[in-house]
Amino acid sequence: MRGGAAFIGIDLGTSGCRAVAIDATAEPLAETRAALPDSARSASGRAEQNPEDWWRALTEVLRALVATLPDHRPAALAVAATSPTLLLADTAGDPLGPALMYDDQSGHRAAAQIAASAPATSIARGPGSGLAKLLALHDRLAPTGPFWALHQADWIAARLTGVLAASDWHNALKLGHDPECADWPDWVGALLPPGARLPRVLAPGTRIAPLTPAVAATTGLPPTTQVVAGTTDSTAAALAAGLARPGEALTSLGTTLVVKVVSPHRIEAPDHGVYSHRYGTHWLVGGGSNSGAGVLRREFDDDALVTLSARIDPERDSGLDYYPLPGIGERFPRPDPHLAPRLDPHPGDPVRRLHGLLEGIARIEAEGYARLAELGAPRPRHVLSIGGGACNRTWTRIRERLLGCTVLRASHQQAAFGAALLARAGAADG
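Going by our numbering, the first residue of the sequence shown is number 8, and it counts up by one from there.
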């Protein structure tokens with residue numbers, strides 16, 4: 008075709024699905040998105056979604072994306088998704104029930120089982136890990152035959168290709184996969200219930216298979232489109248932002264708050280909610296808080312955030328000591344499944360209320376980078392920002408004041424762009 012090949016990245020986030028297409032020079036060509044229903048939540052810390060909602064959103068964005076690419080032929084596709092969102096599927100790949108989302112904290116009994124067997128440094132410990140979700144879902148769904156444990160990105164790739172079951176280094180980490188020996192440890196196998204099957208784990212960008220004819224017909228993509236192993240949404244965002252050298256850091260200010268820094272060595276500290284992904288010849292060290300812009304959305308719409316932020320003096324403290332969370336439970340930098348939000352007192356003034364919330368989330372960010380440094384990661388030389396919060400200049404200045412370094416908005420904001428880079432790399436390697 009006149010425009011050559013296109014490479015597609017998918018980002019399945021908390022509240023929506025986004026697709027980005029780039030050309031061979033990494034120039035963005037088109038972008039589409041669709042909304043997802045909110046997670047169903049319970050007082051026990053459960054957070055779940057219906058995988059079929061992901062599929063409906065994915066096919067919607069792919070059909071819309073293909074319609075905008077008349078001069079480019081899609082060659083490869085990669086999926087970035089929330090980690091450690093997990094579901095159980097039968098041997099045909101059909102979900103046995105809902106998926107437990109990344110912020111689900113209901114697996115306390117499973118976490119106790121894992122703690123008795125897992126090394127102290129394993130990120131698979133804790134009620135929010137992928138392994139805890141596997142055990143909790145097994146207890147709840149009681150499958151009678153063989154079943155697969157699949158991450159969000161794994162299940163989407165399987166649905167696209169008909170190939171069960173492939174995962175990637177990054178999604179598999181919290182299920183217990185060891186990224187240094189590139190295998191499932193024996194202690195993980197010993198914990199698995201009867202019938203449980205774990206996916207094979209590939210390097211991100213490795214080819215899995217082309218689309219099935221049915222998916223090609225449904226989406227309008229060429230049947231030759233290759234699906235490659237994906238990654239987590241936060242790692243895709245780091246790829247998109249261009250993180251490469253030790254000390255380069257990235258904060259994602261989306262529905263949740265995620266901090267990452269490139270490190271020359273691996274750091275695993277599950278008691279602190281800290282873990283490392285293989286990242287080229289380095290490691291991407293970070294942690295994810297349940298706090299973030301999702302808390303702001305409960306009280307302020309876009310117009311209010313812009314108007315009220317302009318009235319805040321970012322050089323002064325609000326005088327409020329908030330720890331903004333959407334519900335009970337925190338992952339990082341204070342891993343505590345019972346931690347309650349601290350959102351009182353309410354000052355009555357919406358400007359001061361927003362000031363306190365922005366400041367509270369910024370304190371969590373600063374505490375996060377300080378925790379990483381305590382554990383041996385480089386201190387950030389500067390922090391790149393992505394997500395809706397990266398556009399808020401008042402918030403940026405509050406964050407700079409609390410972090411003690413420059414905060415810049417990343418040139419490429421979308422995890423889907425990072426996934427598209429993976430797709431391009433996978434096509435080139437093939």
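Even glycine gets a Cβ: it sits at the ideal position worked out from N, Cα and C.
Asked, Found
"Count the other C-beta atoms from every protein chain shown that fall within 10 angstroms of the C-beta of R116, then say buried if there are 16 or more, exposed otherwise.", "exposed"
"Which residue or residues does DSSP assign as beta-bridge partners of T39?", "A26"
"Along the chain, where does the alpha helix (DSSP H) that runs through F241 open and close?", "Inspection of the sequence shows that residue 241 is occupied by Ser rather than by Phe. Per DSSP, S241 belongs to the alpha helix (DSSP H) from 240 to 248."
"Of the residues L205, I29, R338, R63, which one's Cα is nearest the Cα of A82?", "I29"
"Rounded C-beta distance between V269 and R285? I'm assuming under 8 angstroms.", "Not a contact, Cβ separation roughly 12 angstroms."
"Where does E59 land, buried or exposed, given buried means 16+ other C-beta within 10 angstroms?", "exposed"
"Whole angstroms are fine: how far does the CA of G196 sit from the CA of L157?", "15 angstroms"
"What is the rounded straight-line gap between the Cα of A5 and the Cα of N399?", "Past the edges of the chain, shown from 8 to 437, lies residue 5, and the structure says nothing about it."
"Report the residue from G396, A210, L84 whose alpha carbon sits nearest the alpha carbon of L479.", "Because the chain spans 8 through 437 in this model, residue 479 falls outside it and cannot be assessed."
"Does the stretch 261 to 275 come close enough to the stretch 321 to 330 to have 3 or more Cβ pairs within less than 8 angstroms?", "no"
"Let's see if you can read the secondary structure: which residues bound the alpha helix (DSSP H) around E55?", "That residue, E55, is in no alpha helix (DSSP H); its beta strand (DSSP E) goes 54 to 56."
"Per the contact definition of three or more C-beta pairs closer than 8 angstroms, is the stretch 171 to 189 in contact with the stretch 133 to 148?", "yes"
"Taking CB distances under 8 angstroms as the criterion, tell me whether R116 reaches chain D.", "Structure shown: chain D not included; a single protein chain is present."
"To test your reading of the DSSP string, which unbroken beta strand (DSSP E) runs of 3 or more residues are found completely within the stretch 51 to 116?", "54 to 56, 80 to 88, 93 to 96"
"With distance defined between alpha-carbon atoms, name the residue in G212, G299, A221 nearest to V234.", "G212"
"What are the uninterrupted segments assigned as beta strand (DSSP E) that are 3 or more residues long and contained completely in the stretch 288 to 341, given in chain order?", "289 to 296"
"Would you mind sorting P352 into buried or exposed? The rule is 16 or more other CB atoms within 10 Å of its CB.", "exposed"
"Are S283 and S259 touching if we call contact CB-CB under 8 angstroms?", "no"
"Would you tell me roughly how many angstroms separate the C-alpha atoms of R349 and E407, rounded to the nearest one?", "23 angstroms"
"Report the residue from P126, G395, C412, R166 whose alpha carbon sits nearest the alpha carbon of V302.", "G395"
"Which one or two residues does DSSP pair with K267 in a beta bridge?", "L257, G293"
"Consult DSSP for A127 and reduce its assignment to one of helix, strand or coil.", "coil"
"Can you tell me whether DSSP reads P186 as helix, strand or coil?", "coil"
"What distance in whole Å lies between the Cβ atoms of R48 and G334, which are believed to be in contact at a cut-off of 8 angstroms?", "6 angstroms"
"How would you call A422, buried or exposed, if buried means at least 16 neighbouring beta carbons within 10 angstroms?", "buried"
"I need the DSSP call for P211, collapsed to helix, strand or coil.", "coil"
"Are the CB atoms of T232 and Q159 within a distance shorter than 8 angstroms?", "no"
"Taking 6 angstroms as the limit between beta carbons, can you name the residues of its chain near L391, skipping five residues before and five after?", "A248, L257, L415, A417"
"Straight-line CA distance for F154 to R147?", "14 angstroms"
"Using the C-alpha atoms, what's the distance from Y330 back to D175?", "33 angstroms"
"What are the boundary residues of the beta strand (DSSP E) that A353 is part of?", "Here residue 353 turns out to be His, not Ala, going by the sequence shown. Taken as a continuous stretch (DSSP letters only), H353 belongs to no beta strand (DSSP E), as it is neither H nor E."
"If you draw a straight line from the C-alpha of L346 to the C-alpha of S296, how long is it?", "12 angstroms"
"Are T21 and T238 close, meaning C-beta to C-beta below 8 angstroms?", "no"
"Assuming A203 and L141 make a contact with CB atoms under 8 angstroms, what is their CB distance in whole Å?", "7 angstroms"
"Classify A450: buried if its beta carbon has 16 or more other beta carbons within 10 angstroms, exposed otherwise.", "With the chain running from 8 to 437 in the structure shown, residue 450 is simply not present."
"For the stretch 65 to 84 against the stretch 10 to 20, do three or more pairs of beta-carbon atoms, one drawn from each stretch, fall closer than 8 angstroms, so that the two count as touching?", "yes"
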